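Visitor: In my numbering, the protein residues as written are 779 to 1365.
Think of the CB as a built atom: it goes at the ideal place given N, C-alpha and C, for glycine as much as any other residue.
Remember, it's a predicted structure, so these values are computed and weren't measured experimentally.
Dropping a structure here in structure tokens format, bear with me for questions.
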């Protein structure tokens, strides 16, 4: 039979496939025209399906994290000097600049006084010299153009020696009201964790805190409590929340035999590069789909690509700020406002819809409750939102003061071996997993969190927090301050109602007034359950005092718009590229 090479475009995909080195080329070229056209039609169908999948993926994909990671290596560093643009980055007039200079001088003197003690100064110097973590948190506390001046002027003390309820006492004797929540660990209150630690040590004292391998009997009630709280069948112990998320993801991939993990824009799932599509990891993440939160397109894509998706990973904290990273002072430049009540209602609906979509598509749903577990309720975010996940990950406060990570999941998703292929295993293990002291402290926490005392403490904290937010916003409106408060249970944040380039400075005024914050500043604050009405009142007094100083020192210059800020930043980048920016020696 004569070889046939069709001229019709229908055969183009087949010809492309053949030209790529197909070993069946001689055979295919001997096919009859109908057979050749059939192959071409099939190839077109395959291309169309691939194009449709690519289009649907692009439509649901959250591009901001990926673009931010790709552009980060190319954005030039520049710094403002005091003589240059530090005080005029928003185009403020001379009289406002004079106020800012005077205000910064007073703030610097106050910070110097706070860390003036000999012991405090020596400790801070030693830590700054040798602890790399401090350099990172300092960098992320302030937008980079302002960092050089701030580092030189405002030294944030990092060393505390005792806690008294929600108050911290540093080595110079200064007291500060703590709303950092120890990065989410401090739910119950520091004094309760002291009691948990004593209970834990007493429980395992006869065995010792580091007898590893054999299991202490206390593990049985701990497993029982976790199964009851999570509503899931099996438990796995780890040393941190990040490690526990790594375990959950690996087990889902292993047991579903699928490669992809779905995460949602803005959500944080630990520092490991396996689920970090944005800046912070240099490794491209090809097996993670970062999708738009609360988007029908994302649901459609999960359905379309269900056979490839090992799990959908959700951070319930995103109910406070869907599709955005947790607010931080690094990014508080716009005036975008959200209503917490409406956001939570819509996010609850979204989680129920997502649960249904995952069930229909047979895709496991993972709740990353490292931060929200036992923060949002005594039974975590699952109970708060009324959604049952297939795997839930806990950490932080669950350890009762000790480092911990826990994975609870359905039995078929927790297997680490393949019954049909004995060499195929999911290697997940850790030296200090289920360490006796951690289990003892965890037992104390779980006993307390299931008690009537805990239920009452949670309810009272919610009432007091809601009241604080309401009173605070009324006072802020009454005095005309461009900021508002917003909360999700006992997690709360400061949002600004007008654009500005100096909102990040508010954290320093709060610190000067005796408020202890984490390195994300006012972006995410926490109340522990030991806050009394007097503590809420003390915080509101300090917050308003800080706002008055911020306003009086001229940092909230009226009239600047988001567009103007973006234009000025673009100009600054251009000047830097041309070598015309402020000349500042790097710290």
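Quick one: Cα of residue 1111 to Cα of residue 1011, how far?
Guide: Unreliable positioning characterises residue 1111 in this predicted model, as indicated by a pLDDT of 46, which lies under 50. A coordinate reading is not provided.
Visitor: Using the rule of at least 16 other Cβ atoms within 10 Å of the residue's Cβ for burial, across every protein chain shown, is residue 992 buried or exposed?
Guide: Sixteen is the threshold: since fewer than 16 other Cβ atoms of the shown chains lie within 10 Å of the Cβ of residue 992, the residue is exposed.
Visitor: Using DSSP bridges, identify the partner residues of residue 1186.
Guide: 1013 and 1170
Visitor: Rounded to whole angstroms, what's the CA-CA distance from residue 1332 to residue 1128? Just pull it up for me.
Guide: Cα to Cα, the separation comes out at about 42 Å.
Visitor: Taking one C-beta from the stretch 1345–1359 and one from the stretch 1306–1322 each time, how about it: are there three or more such pairs within less than 8 Å?
Guide: no
Visitor: Just checking, does the stretch 1056–1076 make contact with the stretch 833–852 on the three C-beta pairs under 8 Å criterion?
Guide: They touch, by the three-pair rule.
Visitor: Go through its chain and collect everything with a Cβ distance to residue 1297's Cβ below 7 Å, but skip five positions before and after it.
Guide: 915, 918 and 919
Visitor: Under 7 Å Cβ to Cβ from residue 1345, same chain only, skipping five residues before and after it: list those, please.
Guide: none
Visitor: Provide the residue span of the alpha helix (DSSP H) that contains residue 1156, from first to last.
Guide: Per DSSP, residue 1156 belongs to no alpha helix (DSSP H) and is neither H nor E.
Visitor: Counting C-beta neighbours from all protein chains within 10 Å, is the total for residue 1248 16 or more, i.e. buried, or is it exposed?
Guide: Exposed, because fewer than 16 other Cβ atoms sit within 10 Å of the Cβ of residue 1248.
Visitor: Return yes when the C-beta of residue 1198 is under 8 Å from any heavy atom of the ligand MN, and no when it is not.
Guide: Here there are no bound small molecules, and the ligand MN is not part of this structure.
Visitor: Comparing alpha-carbon positions, which option in 1150, 1190, 1151 and 1149 lies nearest residue 1168?
Guide: 1190
Visitor: From which residue to which residue does the alpha helix (DSSP H) around residue 1051 run?
Guide: It is not in any alpha helix (DSSP H) - residue 1051 carries neither H nor E in the DSSP assignment.
Visitor: Do residue 1092 and residue 1132 have their CB atoms nearer than 9 Å?
Guide: Cβ atoms of residue 1092 and residue 1132: closer than 9 Å.
Visitor: In whole angstroms, give me the CA-to-CA distance for residue 1085 and residue 987.
Guide: 45 Å
Visitor: Sort 1236, 1220, 1228 and 1227 by Cα distance to residue 979 and report the nearest one.
Guide: 1220
Visitor: Less than 9 Å separating the beta-carbons of residue 1136 and residue 1185?
Guide: Going by C-beta atoms, residue 1136 is not nearer than 9 Å to residue 1185.
Visitor: With DSSP as the reference, identify every bridge partner of residue 941, one or two as the case may be.
Guide: 946
Visitor: Reducing DSSP to helix, strand and coil, say where residue 983 ends up.
Guide: coil
Visitor: Taking the C-alpha atoms as reference points, what is the distance between residue 1183 and residue 868?
Guide: 44 Å
Visitor: Please go through the same chain and pick out, in chain order, the residues whose beta-carbon is closer than 8 Å to the beta-carbon of residue 899, but skip the five residues on each side of it.
Guide: 893
Visitor: Quick one: what does DSSP say residue 1265 is sitting in, helix, strand or coil?
Guide: strand
Visitor: Quick one: residues in its chain with C-beta nearer than 8 Å to the C-beta of residue 1226, no 5 flanking neighbours on either side, listed in chain order?
Guide: Hits under 8 Å: 966, 970, 974 and 1232.
Visitor: Less than 8 Å between the CB atoms is what I'm expecting for residue 1211 and residue 1072, so what's the real figure, rounded?
Guide: In fact, because the Cβ distance is near 35 Å, the residues do not count as touching under 8 Å.
Visitor: Are the beta-carbon atoms of residue 1069 and residue 1041 separated by less than 9 Å?
Guide: yes
Visitor: Whole-angstrom Cβ separation of residue 1052 and residue 1024, contact assumed at under 8 Å?
Guide: About 7 Å separates the Cβ atoms of residue 1052 and residue 1024, confirming a contact at the 8 Å cut-off.
Visitor: Look at the Cβ atom of residue 1078, then the Cβ atom of residue 838, and state whether they are nearer than 9 Å.
Guide: Residue 838 sits close to residue 1078, with the two beta carbons spaced by under 9 Å.
Visitor: On a CA-only basis, which of 1099, 1281, 1330 and 1304 is nearest residue 1257? Give me that one, please.
Guide: 1330
Visitor: Given a cut-off of 9 Å, decide if residue 1099 and residue 1271 are closer than it, judged by their beta-carbon atoms.
Guide: yes
Visitor: Given a cut-off of 9 Å on the beta-carbon distance, is the pair residue 1235 and residue 1304 in contact?
Guide: no
Visitor: Ordered along the chain, which non-local residues of its own chain (more than five positions away) have a Cβ less than 7 Å from that of residue 1358?
Guide: none
Visitor: Take residue 1124 and list the residues in its own chain whose beta-carbon comes closer than 7 Å to its own, dropping the five residues that flank it on each side.
Guide: Excluding positions up to five away in sequence, the list reads 1072.
Visitor: What's the gap between the Cα of residue 890 and the Cα of residue 1203?
Guide: The straight-line gap from Cα to Cα measures roughly 57 Å.
Visitor: Tell me which residues share the same chain as residue 1001 and place their Cβ nearer than 8 Å to its Cβ, disregarding the 5 neighbours each side in the sequence.
Guide: 1013
Visitor: Whole angstroms are fine: how far does the CA of residue 1181 sit from the CA of residue 1251?
Guide: C-alpha separation (whole angstroms): 36 Å.
Visitor: Restricting to Cα atoms, I'd like to know which of 998, 1147, 1054 and 1277 is closest to residue 1341.
Guide: Among 998, 1147, 1054 and 1277, the Cα nearest to that of residue 1341 belongs to 1277.
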